[in-house]
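Asks:
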Amino acid sequence: MVVIGAPFAGWALPIEAVPDPVFAERMMGDGVAIDPVDGVLRAPCDATVIAVSPTRHAVTLRLANGAELLIHIGLETVALGGRGFTASVADGQAVKAGDPLIAVDLDQVADGAKSLVTPILIANEGYAVSVLAADHAVAAGDPLMTVEAVGTVRQAAPVSEDSASCEVTVPLANGIHARPAARIAAALKPFVAEVRFEAHGRNANARSTVAMLGLGLRHGDRLLISARGDDARAAVTTIATLIEGGMGEAGDPPAPPSALAPAVQGATMAAPGFAIGTAFPFVVADIAVAEDGRGADRETEALDRALAGVRTRLDEPKDGKGAEITIAHRAITEDPDLIDAARAAIAEGRSAGFAWRAATAAQVAAIEATGDRLLIERAADLKDIERQVIAAIAGVPVPAAPAPPEGAVLIADELLPSQFMALDPARLAAIVTARGGPTSHVAILAASAGVPMIVAAGADVLAIPAGTVMIVDAAAARIVAAPDDRAVADARERIDRERASHARNLAAASEPGRTADGMRVEIFANLASAEEADRAVASGAEGCGLLRTEFLFLDRADAPSEEEQAASYAEIARRLDGRPLILRTLDIGGDKPVPYLPMPAEENPALGQRGLRLSLARPDLLKAQFRAILRGVPAAQCRIMLPMVVDRTEFARARALYDEAVAETGAPRAPLGIMVETPAAAMLADGLAADADFLSLGTNDLTQYALAADRGNAATAPMIDGLHPAVLRLIAAAVAGARRHDRWIGACGGMASDPLAAAILIGLGLDELSATPAAIPALKAAIRRIDMNEARRLAEAALACATAAEVRSLATRAIREAA
Ligand code: PEP
Ligand code: MG
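Sequential numbering from 1 applies to the sequence shown in UniProt numbering.
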């Protein structure tokens, strides 16, 4: 007896549940099926590979007892022509249980095939199968079934001299793959003759699907059918007619997979989107400066005049993000260190331009030496101001950037904020930079203008010639230069599809968030500025689930006064027009340093004095913020939330300050909630929920702390996935804690914007999802397709998975099936 283990992790199904009669009716043989959640098909026991199908979607194995096992990955997957499958074994190779056989890109295969359900069956006669696992989740290697030899049941063909043969050309688009092979074997059942196929110099029993698959018959191949026995002629005629008739699959073979470039190592999405356009290398010349000055007084005056001129230009009114970034730029023109360093160089005889360039270069080098990702991204702002000041000193316009043509994919070593602002974003299909970071100011500008952007793509992109057609898939950090016609057609089709679906989603975005079976789920927006509030409301936000208050005051040298804060909060509340507003108290430290609260360098800032810890160390700031919120935000809208809570002691200390602020302002007491973004808070949620009025999951931090993976480190970026089962189990614990005290619980980390995660989060029991404004229409549309029973089942299955990739595949399929 041979025990067959699960070749994939996934959901085991009885063979009759496979949605394809060829398998469900056991025409190919008896066995089980798996709906896989991981992307590597493994040997289910020790065996020898009989054949890997030429399109790598199926493999047959000979077991130690002679049984022939067929594993057919997905249904109708032969038509993929090999796309999404990578075989790591060859015909005839001996394999051990657990050895990888075929890598499967589950998303790609699920996209192009009828189903991922994978039948695993014994294809030859004389073996009995006992199913051990069906209708539950299995891990790779878990026992699925046993196979026992029971002796051959087929009668030997009566000896006869009758024989017949006939040659045919295979007209089936995908050749003789598993399904037609099964039908051929079934069609031979009424005949007694021994029928064989011969092709490629090999020979196979036409009653054995496995043997037929081993011939690797493709479209256009010549096949000799020969038979021996009483009804040889009739058998050959029947099978030849069947094959030449195309078996319902006649046609041209599928085109080979187009070569899509893999994601460039380190390339990162800075602004989402998918685009096709033409390469537009963006090169702007530097202004030459003389090294020697014309006297210290003259040069100092030239510098001061230039700085004043740049400040005046910066003070011209701008909207939205542009206005916020201008504040940062103005601060550079007033930076005392920079100005002092330039003056010192002028005093040593340098020209104003040379001195300013040297001072800037020294600061950029110092910033780069810190290794701090966020600071380094800010170096672009310094370079930007450098160009503007030097142009002003020289009395020439800032070197004009070349105007991009319509549909340009702008390629630059680095793009400066002012360069972006001088461009017409409507002409840009996408932006790709060799350097830069995803949270740089220019990335924020691109996202806000809706231009997809990839940063850190490496110097190779600078060699792409102007006019080259390019596909940019920002979310996948993927760039394809000079794609083939098929890839271009696919890309255009995807863009059309995405546009049409966005228009549909937007049209329905003002409807309240509800699942298909009517369960209410509030869909709020994460905000960091007043302008975003308008966009959020227009996108269908039903409130603000996270106002990151620290971002309102990030680029300033001094702490905002209570009045300033109250005015800012009031403005956002006004723009939300009565909708709920959850304000998070300052979450400073970690990856969000602010100039007005200089902090000692910490070895591990993410584990240091950040969030509520810092606020409790500066109770004056926290109380002033509580007061400003209570004064600025109408009571009916107001909710307040504390970041980075660990346990009840911290909450109690914050609440004591809050109580004082309530008493001092005389304002009605707004609900005070906590963010669950430390594993500690998730595990202690029952106790915390007894004290706090509501809970909201900060999945960004919860993920980084649960997986011990820095959310700002490019090397650990691929590990940061909130759909990791470890994170999901923490979320489940938090929900259980909240429920015990009947508390509202939502989520406001990046995961809440991901339609793929929505069903799982809702299935885990969340009341609200707070997303980035742009994601709301698609999120609401995704939720409308979710059935609560399905969502709960999906969440339960996700909690049982071993990896984030497994959960993603599970969710991808659930969404596809619900669509
Ligand atoms: C989070 O950690 O998920 C969160 C929402 O807070 P932030 O991203 O601002 O740290
Ligand atoms: Mg956080």
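Note that beta-carbon positions come from the ideal geometry of N, C-alpha and C, so glycine has one too.
For residue 825, count the other beta carbons within 10 Å of its own beta carbon; 16 or more makes it buried, fewer makes it exposed. Which is it?
Replies: An answer regarding residue 825 cannot be provided, because it is not within the stretch 1 to 819 covered by the chain.
Asks: Does the beta-carbon of Asp91, which I'm using as the reference point, lie nearer than 6 Å to any heavy atom of the ligand MG?
Replies: Translated into the one-based positions of the sequence shown, residue 91 becomes position 91. Every heavy atom of the ligand MG is 6 Å or more from the Cβ of Asp91, so no.
Asks: Quick one: using the 10 Å Cβ neighbour count with 16 as the cut-off for buried, is Thr772 buried or exposed?
Replies: Working through the sequence shown from its first residue, we reach residue 772 at position 772. By the neighbour-count rule (16 or more Cβ atoms within 10 Å), Thr772 is buried.
Asks: Would you grab the beta carbon distance between Val195 and Ala235 for me? Rounded to a whole angstrom, and I think it's under 8 Å.
Replies: By 1-based counting over the sequence shown, the position of residue 195 is 195. By 1-based counting over the sequence shown, the position of residue 235 is 235. The Cβ separation is near 5 Å, so the contact holds.
Asks: Taking all protein chains shown into account, decide if Asn505 is buried (16 or more other Cβ within 10 angstroms of its Cβ) or exposed.
Replies: The residue labelled residue 505 in the question sits at position 505 within the sequence shown. So Asn505 ends up on the buried side.
Asks: Considering only heavy atoms of the ligand MG, does any lie closer than 6 Å to the CB of Leu700?
Replies: Position 700 of the sequence shown, counted from the first residue, corresponds to residue 700. The sequence shown places Asn at residue 700, rather than the Leu named in the question. Yes - the ligand MG has a heavy atom lying nearer than 6 Å to the Cβ of Asn700.
Asks: So, are the CB atoms of Ala477 and Ala267 less than 7 Å apart?
Replies: Residue 477 sits at position 477 when you count from the first residue of the sequence shown. Residue 267 sits at position 267 when you count from the first residue of the sequence shown. Yes; because the gap between Cβ atoms is below 7 Å, this pair is in contact.
Asks: Which partner residues of Asn526 appear in the DSSP bridge assignment?
Replies: In the sequence shown, counting from the first residue as 1, residue 526 sits at position 526. Looking at the DSSP assignment, Asn526 forms a beta bridge with Leu546.
Asks: What separation, rounded to the nearest whole angstrom, lies between the Cα atoms of Gly412 and Val398?
Replies: Residue numbering aside, residue 412 sits at position 412 when the sequence shown is read from its first letter. Residue numbering aside, residue 398 sits at position 398 when the sequence shown is read from its first letter. The amino acid at residue 412 is misidentified as Gly; the sequence shows Ala. One C-alpha to the other measures close to 17 Å.
Asks: I want to check one thing, is the minimum distance from the CB of Glu677 to the heavy atoms of the ligand MG below 6 Å?
Replies: Counted from its first residue, the sequence shown places residue 677 at position 677. Yes, the beta carbon of Glu677 sits closer than 6 Å to at least one heavy atom of the ligand MG.
Asks: Could you compute how far the alpha carbon of Gly201 sits from the alpha carbon of Thr55?
Replies: Taking the sequence shown and counting its residues from 1, one reaches residue 201 at position 201. Taking the sequence shown and counting its residues from 1, one reaches residue 55 at position 55. Spanning the two alpha carbons is a distance of roughly 20 Å.
Asks: DSSP has Cys166 in a bridge; who is on the other side?
Replies: By 1-based counting over the sequence shown, the position of residue 166 is 166. DSSP, once it has assigned bridges, lists Ile225 as partnering Cys166.
Asks: Is the distance from the Cβ of Pro123 to the Cβ of Glu68 below 7 Å?
Replies: Stepping through the sequence shown from its first residue, residue 123 is reached at position 123. Stepping through the sequence shown from its first residue, residue 68 is reached at position 68. Inspection of the sequence shows that residue 123 is occupied by Ala rather than by Pro. Yes, they are a contact pair.
Asks: Looking at the secondary structure, which residues open and close the beta strand (DSSP E) in which Ser615 lies?
Replies: Here residue 615 is taken as the residue at index 615 of the sequence shown, counted from 1. Per DSSP, Ser615 belongs to no beta strand (DSSP E); it is in the alpha helix (DSSP H), 612-617.
Asks: What does Ala279 pair with, by DSSP beta-bridge criteria?
Replies: Locating residue 279 in the sequence shown gives position 279, counting from the first residue. Answer by DSSP bridge pairing, in chain order: Val409.
Asks: Taking 6 Å as the limit between beta carbons, can you name the residues of its chain near Gly765, skipping five residues before and five after?
Replies: Here the question's residue 765 lines up with position 765 in the sequence shown. Cβ within range, chain order: Val735.
Asks: When the Cα atoms are used, what is the spatial distance from Ala447 to Gln637?
Replies: Here residue 447 corresponds to residue number 447 of the sequence shown, with the count starting at 1. Here residue 637 corresponds to residue number 637 of the sequence shown, with the count starting at 1. Their Cα atoms are separated by approximately 28 Å.
Asks: Answer yes or no: the CB of Gly749 versus the heavy atoms of the ligand PEP, is any distance below 6 Å?
Replies: Counting from 1 along the sequence shown, the entry for residue 749 is found at position 749. Checking every heavy atom of the ligand PEP against the Cβ of Gly749, one is found closer than 6 Å.
Asks: Between Val210 and Ala12, how many whole angstroms is the CB-CB distance? I'm expecting something under 8 Å.
Replies: In the sequence shown, residue 210 corresponds to position 210, counting from 1. In the sequence shown, residue 12 corresponds to position 12, counting from 1. Going by Cβ atoms, the distance from Val210 to Ala12 rounds to 22 Å, so no, they are not a contact pair.
Asks: Residues bridged to Cys638 by DSSP?
Replies: Along the sequence shown, read from residue 1 onward, the residue named residue 638 stands at position 638. Leu581, per the DSSP bridge assignment.
Asks: Is it true that the stretch 178-196 meets the stretch 216-231, where meeting means three or more beta-carbon pairs spaced less than 8 Å apart?
Replies: With the cut-off at 8 Å, the stretch 178-196 and the stretch 216-231 touch.
Asks: Mind checking Pro21: buried by the 16 CB within 10 Å criterion, or exposed?
Replies: On the sequence shown, position 21 is the one that residue 21 refers to. Per the 10 Å Cβ criterion, exposed.
Asks: What is the C-beta distance between Leu416 and Asp384, in whole angstroms, given that I count them as a contact (C-beta under 8 Å)?
Replies: In the sequence shown, residue 416 corresponds to position 416, counting from 1. In the sequence shown, residue 384 corresponds to position 384, counting from 1. With 8 Å as the limit, Leu416 and Asp384 qualify as a contact, their Cβ atoms being about 4 Å apart.
Asks: If you count every other CB in all the chains shown that lies within 10 Å of the CB of His136, and 16 or more means buried, which is it?
Replies: Reading the sequence shown from its first residue, position 136 is the one you call residue 136. Exposed: under 16 other Cβ atoms inside 10 Å.
Asks: Looking at the unbroken alpha helix (DSSP H) that takes in His72, where does it start and where does it end?
Replies: Walking along the sequence shown from the start, residue 72 turns up at place 72. It is not in any alpha helix (DSSP H) - His72 instead sits in the beta strand (DSSP E) that spans 68-72.
Asks: Going by DSSP in three states, Asp315 sits in which element: helix, strand or coil?
Replies: Residue 315 sits at position 315 when you count from the first residue of the sequence shown. Looking at Asp315 - three-state DSSP - the assignment turns out to be coil, as it is neither helix nor strand.
Asks: Within 10 Å of its beta-carbon, does Ala90 have 16 or more other beta-carbons around it, so buried, or fewer, so exposed?
Replies: Working through the sequence shown from its first residue, we reach residue 90 at position 90. Looking at its Cβ environment, which holds fewer than 16 other Cβ atoms inside 10 Å, Ala90 is exposed.
Asks: According to DSSP, which residues form a beta bridge with Leu63?
Replies: Within the sequence shown, the letter at position 63 stands for residue 63. Bridge partners of Leu63: Ala47.
Asks: May I ask which residues mark the beginning and end of the alpha helix (DSSP H) holding Leu702?
Replies: As a first step, residue 702 must be located in the sequence shown, where it is residue number 702. First-last of the alpha helix (DSSP H) with Leu702: 699-706.
Asks: Below 8 Å, can you find three or more Cβ-Cβ pairs linking the stretch 214-223 to the stretch 159-177?
Replies: Short answer: they touch.
Asks: Could you tell me the alpha carbon to alpha carbon distance between Phe197 and Ala508, rounded to whole angstroms?
Replies: Reading the sequence shown from its first residue, position 197 is the one you call residue 197. Reading the sequence shown from its first residue, position 508 is the one you call residue 508. Going from the Cα of Phe197 to the Cα of Ala508 covers about 58 Å.
Asks: Indicate the three-state DSSP secondary structure (helix, strand or coil) for Pro143 in the structure shown.
Replies: In the sequence shown, the residue the question calls residue 143 occupies position 143. Pro143: strand per DSSP, three-state reduction.
Asks: Would you tell me roughly how many angstroms separate the C-alpha atoms of Leu260 and Val480, rounded to the nearest one?
Replies: On the sequence shown, position 260 is the one that residue 260 refers to. On the sequence shown, position 480 is the one that residue 480 refers to. Residue placement at Leu260 cannot be trusted, given a pLDDT of 36 that sits under 50; what the coordinates show is reported in the next sentence. Answer to the nearest angstrom: the Cα atoms are 6 Å apart.
Asks: Less than 7 Å between the C-beta atoms of Leu723 and Ala804, yes or no?
Replies: For this step, residue 723 is matched to residue 723 along the sequence shown. For this step, residue 804 is matched to residue 804 along the sequence shown. It is a contact, given that the beta carbons lie within the stated cut-off.
Asks: Could you check if residue 822 is buried or exposed, using at least 16 other CB atoms within 10 Å of its CB as the buried criterion?
Replies: Here the chain has residues from 1 to 819 only, and residue 822 is not among them.
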